[in-house]
Ligand SMILES: [Zn+2]
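Structure (structure tokens):
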């Protein structure tokens, strides 16, 4: 699909150019503002100190706000595996959606189609691994919920664009809320670290585990987000680590 891209540049980026090989991640966001026009204005406003590379409007059209060769300011304080502060290494995509605080709604088909084409192009151009296509909530789980549980991770998995599990959903559902023992809980948390989630250092281990579990559920088991480790979560984590 040919993408309709309009240029409307944001002043919020690092002036120093980056190398092509430093780009390793794509981070997906929602705007979290009631009105799309307000979200656009904010990302273009020098005072807000936030921006993104691409903005996906409600009608599916794209705005390029920062060229890929510059660092945009979208991720904030963030961590994934050994990477700290993901802005340097990523392309940030904002999708217009009011978000959890203003009437969170499903992303529409035009937005999803545009995003699929955009990610395909970027993956190819920068040779981005599908394991490195992440939500803001994956890299900043203590602060962020976006793009949230209404984002169609399964659709992108079907298109072989992102890393997800390949387990049978109806079989999995039967394991939901089934408790696991302490040992499996510990393995689950270790699995999260292996996937890339990082311990939240300023919180107790218990609280950090709960927040990471919520972030994991938001992405891999969106039907129940309760921060509790059950058999379904455990099996998904094992499977995600195995998928190539
Ligand atoms: Zn975000």
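In the numbering used here, the protein residues as written are 13 to 256.
Every residue gets a Cβ at the ideal spot worked out from N, C-alpha and C, and that includes glycine.
Remember, it's a predicted structure, so these values are computed and weren't measured experimentally.
Exercise for review: Quick one: residues in its chain with C-beta nearer than 6 Å to the C-beta of residue 75, no 5 flanking neighbours on either side, listed in chain order?
Suggested key: Once the five neighbours on either side are set aside, the close Cβ partners of residue 75 are 18, 20, 67.
Review point. Of all the beta strand (DSSP E) runs that stay within the bounds of the region 94-123, which reach a length of 3 or more residues?
Key: Inside the region 94-123, DSSP marks whole beta strand (DSSP E) runs of 3 or more residues at positions 102-107, from first to last along the chain.
Review point. Leaving out five residues before and five after residue 220 in sequence, what residues of the same chain have Cβ atoms less than 6 Å from its Cβ?
Key: These residues qualify, in order along the chain: 211, 212.
Check your understanding: Any idea if residue 106 is buried or exposed, counting beta-carbon neighbours within 10 angstroms, 16 or more meaning buried?
Key -> Buried: at least 16 other Cβ atoms inside 10 Å.
Practice item. Between the Cα of residue 72 and those of 82, 63, 173, 48, spot the shortest distance and give me the residue it belongs to. Key: Looking at the Cα atoms, 48 is the closest of the given residues.
Exercise for review: Find out if the Cβ-Cβ distance for the pair residue 60, residue 152 is shorter than 9 Å.
Suggested key: No Cβ-Cβ contact shorter than 9 Å links residue 60 with residue 152.
**Study point:** Integer-rounded CB distance, given that residue 179 should sit under 8 Å from residue 248
**Key:** The Cβ separation is near 7 Å, so the contact holds.
Review point. Are the Cβ atoms of residue 132 and residue 81 separated by less than 9 Å?
Key: At a Cβ-Cβ threshold of 9 Å, residue 132 and residue 81 do not count as neighbours.
Check your understanding: Can residue 290 and residue 158 be called in contact, C-beta distance under 9 Å?
Key -> Limits of the chain in this structure are 13 at one end and 256 at the other, which puts residue 290 out of reach.
Review point. Under the rule that 16 or more other beta-carbon atoms within 10 Å means buried, what is residue 156, buried or exposed?
Key: Around the C-beta of residue 156, 16 or more other C-beta atoms lie within 10 Å, and the residue is accordingly described as buried.
**Study point:** Under 9 Å between C-beta atoms of residue 92 and residue 246
**Key:** Cβ distance not < 9 Å, so residue 92 and residue 246 don't count as in contact.
Exercise for review: Go through the residues and name those whose CB comes closer than 7 Å to any heavy atom of ligand 1, in chain order.
Suggested key: Per the Cβ criterion, the list is 41, 42, 86, 148, 156, 158.
Point to revise | Residues bridged to residue 74 [DSSP beta-bridge criterion] | key: According to DSSP, residue 74 bridges with 17, 68.
Exercise for review: Between the Cα of residue 197 and those of 182, 217, 183, spot the shortest distance and give me the residue it belongs to.
Suggested key: Checked all of 182, 217, 183; the closest Cα to residue 197 is 217.
Check your understanding: Hey, how far is the Cα of residue 135 from the Cα of residue 169?
Key -> Rounded to whole angstroms, residue 135 to residue 169 spans 14 Å at the Cα level.
Review point. Rounded to the nearest angstrom, how far is the Cβ of residue 138 from that of residue 78, given a contact under 8 Å?
Key: The C-beta separation of residue 138 from residue 78 comes to about 15 Å, leaving the pair out of contact by the 8 Å criterion.
Check your understanding: Enumerated in chain order, which unbroken segments of the alpha helix (DSSP H) with a length of 4 residues or greater are wholly contained in the region 176-246?
Key -> As summarised for the region 176-246, the continuous alpha helix (DSSP H) elements at least 4 residues long and confined to that stretch are 181-185, 194-207, 217-232, given in chain order.
Point to revise | According to DSSP, residues forming a beta bridge with residue 145 | key: Note: residue 145 sits in a beta bridge opposite 38.
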